[in-house]
Structures are given as structure tokens and as C-alpha cells.
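Data block below; observations after.
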């Protein structure tokens with residue numbers, strides 16, 4: 211019995227040893243297979259020999275519009291073409307593509323007698339596509355690595371006409387013709403109308419990463435059609451490039467029933483890719499801008515959305531100027547950096563600028579500047595702007611998303627249950643509206659009254675600015691806006707024979723009646 215037990219134990223140990231050996235062998239085979247596959251992939255990977263050999267260099271170039279300086283460590287020269295490549299551009303195929311397209315673009319405009327001044331090309335993803343004078347390099351064109359051939363030709367053409375006020379689309383159209391661009395295709399001219407963006411001819415329309423591909427094709431196609439029609443009007447390329455912006459706008463109006471927009475886009479820097487001029491405003495727009503309140507499908511830096519916002523701003527600015535009798539406002543810079551930097555405010559106006567955290571606050575912040583301009587920024591400095599900002603659709607959208615608790619980026623104050631107070635107010639709000647509010651029909655003033663009805667108590671401090679708005683709007687509605695202006699300078703006024711505090715009591719009784 212004992213011998214048999216030992217024998218079985220020996221057999222068991224032998225089986226374990228054999229199993230371990232098999233596992234080791236299988237593991238070795240798997241490792242060898244992986245190594246073989248890796249070596250095979252390395253062997254079969256086609257080696258790329260660069261077509262254009264660059265020389266090493268050490269060059270620092272400052273951004274045209276900022277103090278930022280970047281390194282360039284490669285240069286390619288051929289005849290009059292000098293191309294510097296940033297130290298961030300390393301892929302040989304990318305380098306070949308950029309050099310070949312730059313040389314091709316230079317030769318193309320030269321052979322069509324459109325080259326007036328030689329220039330230097332600098333290529334780096336630390337720069338935006340732009341053109342200007344560099345103190346070391348002279349006339350200089352900056353290009354990021356993802357720049358199409360059509361765009362390169364367009365920027366080269368633009369550099370030769372840098373003093374002109376023509377929109378970028380003119381150069382894009384000539385480029386499309388000269389390159390016989392595959393982007394261009396026949397399209398129904400009916401898409402070009404007063405509500406379309408394609409006749410704007412602004413440079414973001416032709417960027418690779420702004421419009422959808424089919425939209426970008428239409429933009430290039432219309433630009434090409436425009437140049438073809440100008441050539442058919444007995445003009446040469448030189449004639450076209452000699453036109454003024456007003457000449458071009460007249461042609462667009464006569465030929466297609468459209469005209470150039472009041473705003474104009476320029477490239478600026480990596481921090482603010484777009485610089486937009488409109489009236490007294492100069493906008494600096496970061497394409498990575500996030501709105502602190504509005505969702506991305508309501509506001510983004512896509513060209514069509516940006517321009518819709520600019521048109522809304524122009525409308526409300528005109529209305530405000532008429533109300534306050536402003537004939538010429540001082541220049542104002544408007545910055546769209548990143549709304550998420552805000553700690554809870556939607557915008558800030560001071561001196562000669564506006565910082566935007568939610569684009570819906572533009573009309574409100576502009577009226578702050580009007581009050582600065584008039585010297586009347588007093589007790590009602592927050593109320594008066596709001597009373598005249600309600601025609602902006604982006605302002606109404608901002609309040610809708612904030613007060614319905616849908617502003618995902620907004621830091622609602624959990625300590626005071628801010629979101630909950632808004633939702634409770636909405637319950638009362640719905641008592642006076644037949645349907646649930648939407649972004650298109652949200653009534654800011656009714657919400658302010660309902661909030662005040664719930665959270666206002668005599669002898670206590672207001673907990674929210676909408677209570678002040680509700681009071682002021684009541685006075686304006688019942689007694690006239692002029693009294694709000696008087697309150698702005700002096701809260702101890704008499705309103706139609708009634709002391710101010712008596713009118714406050716009237717308002718209190720009114721809002722409390724809403725919550726019965």
C-alpha cells in the first residue's frame with residue numbers, strides 16, 4: 211500500500227513537470243511568432259526617401275501679432291524661393307508635400323505674371339496662415355502643416371496685394387481657377403442668396419477645418435464662379451486685383467443680388483485665430499472658446515454660427531444706439547477667450563474692452579459702455595442694460611439655458627441650491643404660460659417676477675439680481691422708463707407724487723399676488 215502510494219505521487223509530479231514544460235514551449239513559440247511578425251512588418255515597411263533635401267539652420271521667428279518666438283531648424287532654397295520649416299515639423303512626407311506645393315504655388319503665380327515681390331515662407335503649426343512684414347525676413351507668409359494647395363496659392367496671391375481691402379475669397383477664386391481645383395464643382399446658383407454665407411468671401415470659408423467638406427466645396431466653387439464672371443466682364447486678373455472692396459460689392463449686388471458683409475475676418479494668432487472688425491468693435495476669437503452657459507450646438511466658432519452672432523450683435527447695437535442717442539461710440543475690443551475661465555459671471559465690460567464668458571451677454575455689456583460714455587453708470591447700472599438687451603436672441607437663449615438648469619458648464623452654487631431655486635421658479639412660471647418654455651419664447655421678465663414672488667421678503671436683502679430687474683421693470687412699465695434713469699442717480703426720488711419706498715411696496719404686493 212505504501213509503495214503504490216509513492217508510485218502514484220511520483221507519477222503525479224512527473225505529469226506536473228511535463229505540463230510546465232509544455233507551457234514554457236508554447237510561450238516561447240508565441241514570443242517567436244510575435245517577434246517574427248514584428249520583424250516582417252519592419253522589413254516590409256516601405257522606406258521613404260525624401261524628395262527635397264533640406265539644410266540645417268538656426269532661426270527664431272516672432273509671431274506677427276504676439277511676442278511669441280519659435281525655432282526653425284530646416285531650410286530649403288530654390289532660385290528665389292526660401293522655405294523655413296519649424297522644429298515641430300518632422301515627418302519627411304509632410305515636408306516634401308509642403309515644399310513641393312510651395313514651389314508649385316510660387317511658380318504658378320509667377321508664370322501668370324501675378325508675382326510682384328518675392329517672399330519667405332515659414333511653415334510651423336505654431337503659426338496660423340497669415341502674411342506680413344518680418345523685420346528679418348521681409349515679406350513673410352506663415353503656413354501651418356495642414357494647408358491645402360489651393361490655400362497656399364491663395365495666400366501667395368494675397369501677399370502680392372497686401373494693401374488691398376479685397377476679401378480673401380477673391381484670391382481663393384483665382385487660386386481655384388489657376389489650379390483647376392478638384393474642390394470646385396457645378397452648383398445651383400440659387401444657394402447664393404442674402405441668407406447664405408458663401409458670398410461673404412471671408413477666409414475661414416476656405417480653411418480645411420471650419421466648414422464641412424461639402425460646404426467648403428461650395429465656397430470655393432462660388433469664388434471660382436465669381437472670378438470667371440469678372441473675367442467674362444472683360445477684366446484681367448490684374449484688373450480684378452486692382453478693384454476696391456466697394457467695386458466688388460457693387461458687382462456682387464448687380465450679378466447675384468448679394469453684397470459683402472459689414473464684418474471682415476483676418477487671421478491673428480494661435481491664441482486668437484480670428485480677428486473680426488465690425489463697426490466700432492474688434493473681436494479677438496479663440497477657436498477653442500467654450501461658452502459658460504450655451505451648449506456647443508447653440509454656439510460654436512464655426513463660421514456660420516459666428517456670423518449669425520455678429521449679425522445679432524449689429525442689430526442690438528443699432529437698437530441701443532438709437533435708444534441712447536449714440537452717434538459714434540469709441541473703439542471697443544471684444545475677447546472670446548474661454549468662458550470656462552469665469553467664476554460665474556457671463557461678461558465683463560471695462561475701459562475699452564469686453565471679456566465674453568457667454569456670448570449672450572454682449573448686448574448687456576455694450577450698454578455698460580454706453581453708460582460709461584454718457585457718464586451715467588449709477589445705482590441701476592445692471593438694470594438699465596438688461597432692460598434693453600432682451601431683443602438679442604443669444605441673450606434670451608443664455609437666460610433660458612441658465613434658468614432651466616441646462617447650463618452644463620455653469621458653476622451653479624450648490625451651497626445656496628441655486629439650480630433648485632430656478633427650477634422652483636419655473637413651476638410658478640408655467641402657471642402663467644400655456645406651454646413649457648423653449649429657447650425661442652422664454653420670457654425673462656416673467657421669470658424675474660416669479661422668482662421675486664417666491665424669494666422676496668420685506669426687510670430682507672435681495673438674493674438675486676433678477677429681483678432688482680423685476681422691480682425696475684415694474685416701475686418702467688407702470689410709471690415710465692425715465693424714472694428708472696432717475697433712480698440710477700438717486701434712489702430717494704418721488705415718482706408721480708409717491709415716495710420711492712411706496713412704489714417698492716406696490717411692486718411687492720404685485721409680485722406676491724403672483725404666488726397666490
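In my numbering, the protein residues as written are 211 to 726.
For every residue, glycine included, the Cβ atom is placed at its ideal position computed from N, Cα and C.
Q: Note down the Cα distance separating residue 624 from residue 719, rounded to an integer number of angstroms.
A: 30 Å
(Q) With H, G and I counted as helix, E and B as strand and the rest as coil, what does DSSP make of residue 250? (A) Summary for residue 250: the model assigns pLDDT 49, below 50, so the residue's position carries little reliability; its value from the coordinates is reported in the next sentence. The answer is helix: DSSP assigns residue 250 an H, G or I state.
Q | Cβ pair residue 174, residue 502 closer than 8 Å | A | The structure shown does not extend to residue 174, since the chain is modelled only from 211 to 726, so the question has no answer here.
**Q.** Limits of the unbroken alpha helix (DSSP H) element including residue 603
**A.** Residue 603 -> alpha helix (DSSP H) spans 603-613.
Q: Return helix, strand or coil for residue 204, following the three-state DSSP convention.
A: No answer is possible for residue 204: it lies beyond the span of the chain, which begins at 211 and ends at 726.
Q: Compare the Cα-Cα distances from residue 373 to each of 342, 554, 401 and 383 and report the closest residue.
A: 342
**Q.** Cβ neighbours of residue 388 in the same chain (closer than 8 Å, five flanking residues each side left out)
**A.** 318, 319, 322 and 363
Q. With C-beta atoms as the reference, is residue 378 less than 8 Å away from residue 349?
A. no
Q: Please state whether DSSP places residue 353 in a helix, a strand or coil.
A: strand
Q | Which listed residue (712, 584 and 505) has its alpha carbon closest to that of residue 616 | A | 505
Q: Could you give the DSSP three-state label for residue 715: helix, strand or coil?
A: In this structure, DSSP gives residue 715 a helical state, which the three-state scheme calls helix.
Q) Between the stretch 461-479 and the stretch 401-411, are three or more C-beta pairs nearer than 8 Å? A) yes
Q. Residue 280 and residue 334 look like a contact to me (Cβ under 8 Å); what is the Cβ gap, rounded to whole Å?
A. Right, the Cβ-Cβ distance comes to about 6 Å (below 8 Å), so this counts as a contact.
Q. When burial is assigned at 16 or more other CB atoms within 10 Å of the CB, is residue 295 buried or exposed?
A. buried
Q) Under a three-way DSSP split, which group does residue 477 fall into? A) Here residue 477 sits in strand by DSSP.
Q. To which residues of the same chain is residue 347 closer than 6 Å at the C-beta, ignoring the five residues directly before and after it?
A. 330
Q.
Once DSSP output is grouped into helix, strand and coil, what is the label at residue 625?
A. coil
Q: With DSSP as the reference, label residue 720 as helix, strand or coil.
A: helix
(Q) If you reduce the DSSP assignment to three classes, tell me which class residue 227 lands in. (A) In this prediction, residue 227 has a pLDDT of 48, which is less than 50 and means its spatial position is unreliable; what the coordinates show is noted afterwards. Helix.
Q: Tell me, to the nearest whole angstrom, how far the beta carbon of residue 370 is from that of residue 325; I am working on the premise that it is less than 8 Å.
A: Under the criterion of beta carbons closer than 8 Å, residue 370 and residue 325 qualify as touching, at roughly 6 Å.
**Q.** Identity of the residue in 689, 714, 700 and 639 nearest residue 669 by Cα
**A.** 714
Q. By how many angstroms is the C-alpha of residue 598 removed from the C-alpha of residue 700?
A. Across the structure, residue 700 and residue 598 are spaced so that their CA atoms are roughly 21 Å apart.
**Q.** Start-to-end residues for the beta strand (DSSP E) that takes in residue 332
**A.** 330-333
Q: Determine the direct distance from the alpha carbon of residue 488 to that of residue 475, and round the result to whole angstroms.
A: 9 Å
Q: Verify whether the separation of the beta carbon atoms of residue 509 and residue 569 is less than 8 Å.
A: yes
(Q) Tell me the rounded alpha-carbon separation between residue 572 and residue 603. (A) 11 Å
Q. The alpha helix (DSSP H) spanning residue 498 covers which residue range?
A. Bounds of any alpha helix (DSSP H) do not take in residue 498, whose DSSP letter is neither H nor E.
Q) DSSP state of residue 639, grouped into three classes? A) helix
Q | Residue environment, residue 677, which counts as buried when at least 16 other CB atoms sit within 10 Å | A | Per the 10 Å Cβ criterion, buried.
Q: Please report how far the alpha carbon of residue 301 lies from the alpha carbon of residue 285, in whole angstroms.
A: 14 Å
Q: For the beta strand (DSSP E) holding residue 416, just list the boundary residues, first then last.
A: From DSSP, residue 416 is part of no beta strand (DSSP E); its letter is neither H nor E.
Q) Excluding five sequence neighbours on each side, which residues of the same chain lie with their C-beta closer than 7 Å to the C-beta of residue 590? A) 682, 694, 697 and 698
Q) Where in the stretch 513-597 do unbroken runs of the beta strand (DSSP E), each at least 3 residues long, occur, reported from the N-terminal end onward? A) 542-546, 557-560 and 563-566
Q | Cutoff 8 Å; reference residue 542; Cβ partners in own chain excluding five residues on either side | A | Same-chain partners within the cutoff: 490, 491, 492, 562, 563, 564, 576 and 579.
Q) If you count every other CB in all the chains shown that lies within 10 Å of the CB of residue 549, and 16 or more means buried, which is it? A) buried
Q) What is the residue span of the alpha helix (DSSP H) that residue 725 lies within? A) From DSSP, residue 725 is part of no alpha helix (DSSP H); its letter is neither H nor E.
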